[in-house]
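Asks: Sharing a structure, written as structure tokens. Questions coming.
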């Protein structure tokens, strides 16, 4: 009787925590939608900013956010998966490898502004890329690299050892086993890491503040070495540096709503691919 009562208390506490979490989440989304939907229009999505950022649209910021997010994933995904493969399949079990794993986990907790300063020092100044899409994408790639490595690492470790043994017993090499068996099976878990990375990349302000973003551009970026407008920095600029808060705050909420939509769009594609491969192979998170 006492155990059943304790169990009910535990389940009630977990249910309350879940309810509060969902409540806070939908409250934030509701607040953004209510305040941002008022300024959303076709012109807002397709035009350039006008009249000291108090009119017009946010098209360059939308394009810039897309470029930075896509660029960061392009740079970080191959490196993250390759590192996870080495740690799980090739690295010897040693003290050095444990230090590497520990360092990766700690790197995930480093404040984003530190990555911004690193990107400013290395990519913008030392390598001479300047304030550009390339510098911002590389900085964001380093920012999300630990997250992708950790997610890929867990996904690869979750692949049953029996699948590896069956492939090797049929004459496949170790790399063929990894390429044809391990990676396809672990892909749903890897895509989970990509989903989390997209959400963090699209919403970061500090790294692109030093490496890629500018307050205003008259047109769209022409190359990877061009400066770029981005939604997170645009929101920050409108809320902190604007001279017409009555108009600019409304635009900032509209930017936040569009940013939320873009993150959901990117994540939905990744979730679709994850579920598709999960149904095919029957494994994965």
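Residue numbers (my numbering): 5 to 289.
Even for Gly, the Cβ is constructed at its ideal location relative to N, Cα and C.
Computed from a predicted model, the values in this text were never measured in an experiment.
Would DSSP call residue 112 helix, strand or coil?
Replies: In the structure shown, residue 112 sits in coil (DSSP, three-state: anything other than H, G, I, E or B).
Asks: To the nearest angstrom, report how far apart residue 118 and residue 10 are at their CA atoms.
Replies: Distance between the alpha carbons of residue 118 and residue 10: 45 Å.
Asks: Let me check understanding here. Comparing Cα to Cα, which of 95, 89 and 278 lies closest to residue 157?
Replies: It is 89 whose Cα lies nearest to the Cα of residue 157.
Asks: Unbroken alpha helix (DSSP H) runs of length 4 or more, entirely within the stretch 223-248: which are they?
Replies: Listed in chain order, they are 235-244.
Asks: Of the choices 213, 240, 198 and 219, whose alpha-carbon is the least far from that of residue 1?
Replies: Here the chain has residues from 5 to 289 only, and residue 1 is not among them.
Asks: Quick check on the DSSP output: what are the complete alpha helix (DSSP H) runs of length 4 or more inside the stretch 35-93, in order along the chain?
Replies: With a minimum length of 4 residues, the continuous alpha helix (DSSP H) runs that stay inside the stretch 35-93 are 46-50 and 63-89.
Asks: When burial is assigned at 16 or more other CB atoms within 10 Å of the CB, is residue 128 buried or exposed?
Replies: Residue 128 is buried by the Cβ-count criterion.
Asks: For residue 47, which residues in the same chain have their Cβ closer than 6 Å to its Cβ, ignoring the five residues on either side in sequence?
Replies: The residues are 61.
Asks: Identify whether residue 293 lies in helix, strand or coil by the three-state DSSP scheme.
Replies: In this structure the chain extends from 5 to 289, so residue 293 is not present and cannot be described.
Asks: Where do the ends of the alpha helix (DSSP H) carrying residue 139 lie?
Replies: Run containing residue 139: 137-161, per the alpha helix (DSSP H) assignment.
Asks: Taking residue 172 as the reference, give the member of 163, 160, 161 and 185 with the closest Cα.
Replies: Here the closest residue by C-alpha is 185.
Asks: Does residue 165 pass the burial test, meaning 16 or more other C-beta atoms within 10 Å, or should it be called exposed?
Replies: When all chains shown are included, residue 165 counts as exposed.
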